[in-house]
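Inspection log for the structure reproduced underneath, given as structure tokens.
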Amino acid sequence: MPHATDATGVTGIHGTTDSGGSAAPESPPASASIDLDELWGRVQAAVQKMVRREQFETWFRRASLTHIDDESVSLTVQNGFARDWLKTYYEEILERALESVLGSPYRIVFEVDAELTVPQRRAEEPDNGHDASPTPSVAATPSTADRADRDGGASALLHSSDVVLNAQYTFDNFVVGPCNRFAHAACVGVAESPGKVYNPLFIHGRVGLGKTHLLQSLCHTILQRNARSRILYLSCETFVNHFISALENGDLQKFRGKYRNVDLLVVDDIHVLANKERTQEEFFHTFNTLYNAGHQIVLSSDSPPVDIPTLQERLISRFKWGLVTEVENPCYETRMAILKRKSRTRGRQLPEDVARLLAERIDTNIRELEGAVTKLLGFASLTNRPITVELAQECLREHFPRQKREPAMEDIVQVVTQRFGVKLSELQSKRRNNAIAFPRQIAMYLARRITRMSLEEIGGYFGGRDHSTVLHAVKKLTRLVEEDPQTRQVLVELNLELQSPSGA
Ligand code: ADP
Ligand code: MG
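Per the numbering used here, the sequence shown starts with residue 1, numbered consecutively.
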């Protein structure tokens, strides 16, 4: 099996340095037992869900996870500038991504290594657990040349595009339902005869509903039909940035030449034009030139043209010249179909009851649905446990509807004291008999898993105990969850209580 089987890795607590007389066989140090590239690939995938594509490409693609231990990971980048930028602007996102993959908070140590070579893998590609080694054939820097190579030379986006087409984002991989049928059909139509049927094509909808997937499917299809098609695919942010630097450098002619000399211009997230008057003006001219030449324009946005703040009337009316269509929230059946498709792509089958649970709980965002599948399959594979409703409930807490507030220490204490018939004062006391110590350890374990409290804070809460006492409790419970069905059951039930809408 490619994954480290250290089940505790999932809770973020590696039992690997715990040699304190435990009967369990001692594992090698965490960094050695875990495939860091594979782990980083999954963290990157989680990051990608939280940042824009170009942000990801700029800051995360070329970083590398170089070390992990009980509480921290080392993230290595090639220069001090990237390190400072990541630390200043993305530390929290990285922490969240790490936690979503590892199951508990980790501290991040940022390091610089000018010699760093990054084994390039496509983080957006689902990890199906078949191959723990990084994709070998792709060079370290996603330069334009790499792009062309990767896609077989001519059949790539124009070099000035700011993304590499995701090989997974094809019409074949897109599940069609009532929510997206029309948008899908429009994209297929445009892919078949660009510039002819709907121009411009304007797809809007909330985040995570498949707009980018559709846009990229369209590009794939056009390139399959004609590898020489000149497609410029940009996020709106890039358009804005290029425009601003062209203005600053007095390069407008070159800028215009680049944007206007294409067969298909795709601008993802065009709502970013909101409140940017000069750029709107420029985009208006770009639009006219392309449109008049019969070239296709495809746009996506989080809202319909008329709802984009301060969007000029003349742009609104032009965006409506072609087809404006919405992707809506997926219905239950579509969610089920997507869940099954996504797990099948990853080489696993979701049991019906697990798929139903996820489809019921995650009802508005396909990206989250997909993230849940990835996490669940990863969790099952890492812990070597079958995919069950219990496992899903255990590992997908944060994917459940957000209206429930995160359980706090007080909630944990309440369910634990109720369950074991002990008092908070007893949990906080120095007493060490098992009737008190065991519930205390359970509470510590839950606190570590559920809250963002540090080991020190948890120790402090339970009568000023040392962080190593908390760590010991967490490790012990992590092991028991694996080995002892009764303890596992207790924890599943406590977790459920903590997640019930009425709170603990
Ligand atoms: P948006 O651009 O609307 O924010 P994305 O296109 O990035 O959303 O979609 C988010 C994730 O959900 C992607 O991984 C995409 O493949 C997946 N996805 C969205 N809609 C579908 C669908 N109908 N079928 C399969 N996967 C989908
Ligand atoms: Mg998108």
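Note that beta-carbon positions come from the ideal geometry of N, C-alpha and C, so glycine has one too.
Handout entry: For L264, three-class secondary structure by DSSP
Key = By 1-based counting over the sequence shown, the position of residue 264 is 264. In the three-state reduction of the DSSP assignment, L264 falls in the strand class.
Handout entry: Contiguous alpha helix (DSSP H) assignments of at least 4 residues, all confined to the segment 425-494
Key = If we require 4 residues or more, the alpha helix (DSSP H) runs fully inside the segment 425-494 come out as 434-450, 455-461, 467-483.
Handout entry: Chain-order list of residues whose beta-carbon lies under 8 Å from that of R341 (same chain, five-residue window excluded)
Key = As a working note, residue 341 is residue 341 in the sequence shown. Within the same chain, N173, V175 come within 8 Å of R341 by CB-CB distance, once the 5 residues on both sides are set aside.
Exercise for the section: Let me know the secondary structure DSSP gives L232 once reduced to three states. Expected result: Locating residue 232 in the sequence shown gives position 232, where the first residue counts as 1. Under the three-state reduction of DSSP output, L232 falls in the strand class.
Handout entry: Through-space distance from L477 to G460, alpha-carbon basis
Key = Sequence index remark: in the sequence shown, residue 460 carries index 460 (1-based). Sequence index remark: in the sequence shown, residue 477 carries index 477 (1-based). So the two alpha carbons sit approximately 19 Å from each other.
Exercise for the section: Just confirm the distance between the C-beta atoms of L427 and R440, as a whole number of angstroms; I'd bet it's less than 8 Å. Expected result: Against the sequence shown, residue 427 aligns to sequence position 427. Against the sequence shown, residue 440 aligns to sequence position 440. A Cβ-Cβ distance of about 5 Å is found for the pair L427 and R440, placing them in contact under the 8 Å criterion.
Practice task
State the DSSP-derived secondary structure class of R385, mapped to helix, strand or coil.
Solution key: As a first step, residue 385 must be located in the sequence shown, where it is residue number 385. The three-state reading of DSSP puts R385 in coil, since its state is none of H, G, I, E or B.
Problem - ligand 2 heavy atom lying under 8 Å from the CB of D268 - result: Taking the sequence shown and counting its residues from 1, the one referred to as residue 268 is at position 268. Placement of the Cβ of D268 at a distance of less than 8 Å from at least one heavy atom of ligand 2 is found.
Exercise for the section: Starting from the N-terminal side, write out each stretch of the alpha helix (DSSP H) that is 4 residues or longer and does not extend beyond the segment 71-101. Expected result: Not a single unbroken stretch of the alpha helix (DSSP H) spanning 4 or more residues falls wholly within the segment 71-101.
Practice task
Can you give me the start and stop residues for the alpha helix (DSSP H) that F505 sits inside?
Solution key: Lying outside 1 to 504, the shown extent of the chain, residue 505 is not represented and no answer is given.
Problem - Other residues of its chain near L94: CB distance less than 6 Å, five sequence neighbours each side excluded - result: Counting from one through the sequence shown, the residue named residue 94 turns up at place 94. Leaving aside the five residues that flank L94 on each side, the residues in its chain whose CB is nearer than 6 Å to its CB run, in chain order, I108.
Exercise for the section: Give a yes or no on whether the C-beta atoms belonging to V47 and A82 are separated by under 9 Å. Expected result: On the sequence shown, position 47 is the one that residue 47 refers to. On the sequence shown, position 82 is the one that residue 82 refers to. Not in contact: V47 and A82 (Cβ atoms no closer than 9 Å).
Handout entry: Distance cut-off 8 Å: K211 Cβ against heavy atoms of ligand 2
Key = Walking along the sequence shown from the start, residue 211 turns up at place 211. Taking 8 Å as the cut-off, one finds at least one heavy atom of ligand 2 near enough to the beta carbon of K211.
Practice task
Return yes when the Cβ of R335 is within less than 9 Å of the Cβ of D363, no when it is not.
Solution key: The residue labelled residue 363 in the question sits at position 363 within the sequence shown. The residue labelled residue 335 in the question sits at position 335 within the sequence shown. Annotated as proximal: D363 and R335, with beta-carbon spacing under 9 Å.
Handout entry: DSSP-derived helix/strand/coil call for F202
Key = On the sequence shown, residue 202 is found 202 positions in, with the first residue counted as 1. F202 falls in the strand class under three-state DSSP.
Practice task
Return the CA-CA distance between L323 and H285, expressed in angstroms with no decimal places.
Solution key: Your numbering for residue 323 matches position 323 in the sequence shown. Your numbering for residue 285 matches position 285 in the sequence shown. Straight through space, the alpha carbons of H285 and L323 are spaced by roughly 20 Å.
Exercise for the section: Answer with buried or exposed for H204, where buried requires no fewer than 16 other C-beta atoms within 10 angstroms of its C-beta. Expected result: Looking up residue 204 in the sequence shown gives position 204. Buried is the call here.
Exercise for the section: Please confirm whether Y291 and R318 have their CB atoms less than 9 Å apart. Expected result: Taking the sequence shown and counting its residues from 1, one reaches residue 291 at position 291. Taking the sequence shown and counting its residues from 1, one reaches residue 318 at position 318. It is a contact, given that the beta carbons lie within the stated cut-off.
Problem - Extent of the continuous beta strand (DSSP E) to which H285 belongs - result: Against the sequence shown, residue 285 aligns to sequence position 285. Premise fails: H285 lies in the alpha helix (DSSP H), 277-292, not in any beta strand (DSSP E).
Problem - Near ligand 1: K375 beta-carbon under 8 Å from a heavy atom - result: As a working note, residue 375 is residue 375 in the sequence shown. Because no heavy atom of ligand 1 lies under 8 Å away, the Cβ of K375 does not count as near it: no.
Handout entry: Near ligand 2: S217 beta-carbon under 8 Å from a heavy atom
Key = As a working note, residue 217 is residue 217 in the sequence shown. Shortest gap from the CB of S217 to any heavy atom of ligand 2: 8 Å or more.
Handout entry: Status (buried if at least 16 other CB within 10 Å, exposed otherwise) for S137
Key = Here residue 137 refers to the residue found at position 137 of the sequence shown. With a pLDDT of only 27 at S137, under the threshold of 50, the placement of this residue in the model should not be trusted; the figure read from the coordinates follows. By the neighbour-count criterion, in which a residue is buried when 16 or more other Cβ atoms sit within 10 angstroms of its Cβ, S137 is exposed.
Exercise for the section: Go through its chain and collect everything with a Cβ distance to N522's Cβ below 7 Å, but skip five positions before and after it. Expected result: Summary: the structure shown does not reach residue 522, with the chain confined to residues 1 through 504, and so no result is reported for it.
Practice task
From the DSSP output, in three-state form, read off S301 for me.
Solution key: Counted from its first residue, the sequence shown places residue 301 at position 301. Strand, per DSSP.
Handout entry: Test: F171 CB closer than 9 Å to a CB of chain E
Key = Within the model displayed, chain E is absent; a lone protein chain is all it includes.
Practice task
Take every Cβ of the segment 264-275, pair it with every Cβ of the segment 228-237, and state whether three or more of those distances are shorter than 8 Å.
Solution key: Yes, the segment 264-275 touches the segment 228-237.
Problem - Inter-residue Cα distance where the pair is H159 and L209 - result: In the sequence shown, the residue the question calls residue 159 occupies position 159. In the sequence shown, the residue the question calls residue 209 occupies position 209. Approximately 27 Å between the Cα atoms of the pair.
Exercise for the section: Taking only the alpha-carbon atoms, compute the straight-line gap between F283 and N249 and give it to the nearest angstrom. Expected result: In the sequence shown, residue 283 corresponds to position 283, counting from 1. In the sequence shown, residue 249 corresponds to position 249, counting from 1. Rounded to whole angstroms, the gap between the alpha carbons of F283 and N249 is 18 Å.
Problem - The beta strand (DSSP E) enclosing S64, as first and last residue numbers - result: Here the question's residue 64 lines up with position 64 in the sequence shown. Here the beta strand (DSSP E) through S64 covers 64-68.
Handout entry: Assigned secondary structure, T417 (DSSP; H/G/I helix, E/B strand, else coil)
Key = In the sequence shown, residue 417 corresponds to position 417, counting from 1. In the structure shown, T417 sits in a helix (DSSP, three-state: H, G or I).
Handout entry: Integer Cβ distance of P305 from F202, believed to fall under 8 Å
Key = Mapped onto the sequence shown, residue 305 falls at position 305. Mapped onto the sequence shown, residue 202 falls at position 202. Going by Cβ atoms, the distance from P305 to F202 rounds to 7 Å, so yes, they are a contact pair.
Practice task
Could you tell me whether any non-hydrogen atom of ligand 1 is closer than 8 Å to the CB of G177?
Solution key: Counting from 1 along the sequence shown, the entry for residue 177 is found at position 177. The answer is yes for G177.
Handout entry: Where the beta strand (DSSP E) through V43 begins and ends
Key = Position 43 of the sequence shown holds residue 43. Per DSSP, V43 belongs to no beta strand (DSSP E); it is in the alpha helix (DSSP H), 36-48.
Problem - CB of L65 within 9 Å of CB of S74, strictly - result: Here residue 65 refers to the residue found at position 65 of the sequence shown. Here residue 74 refers to the residue found at position 74 of the sequence shown. Their beta carbons are under 9 Å apart, which means L65 touches S74 by this criterion.
Handout entry: Own chain partners of C187 with C-beta closer than 6 Å, once the 5 adjacent residues on each side are dropped
Key = For the purposes of this step, residue 187 is taken as residue 187 along the sequence shown, with counting starting at 1. If we look at C187 and ignore the five residues flanking it on each side, its Cβ neighbours are L214, L218.
Exercise for the section: May I ask you to report which of helix, strand or coil DSSP gives E54? Expected result: Along the sequence shown, one-based indexing puts residue 54 at 54. Reduced to three states, the DSSP call for E54 is helix.
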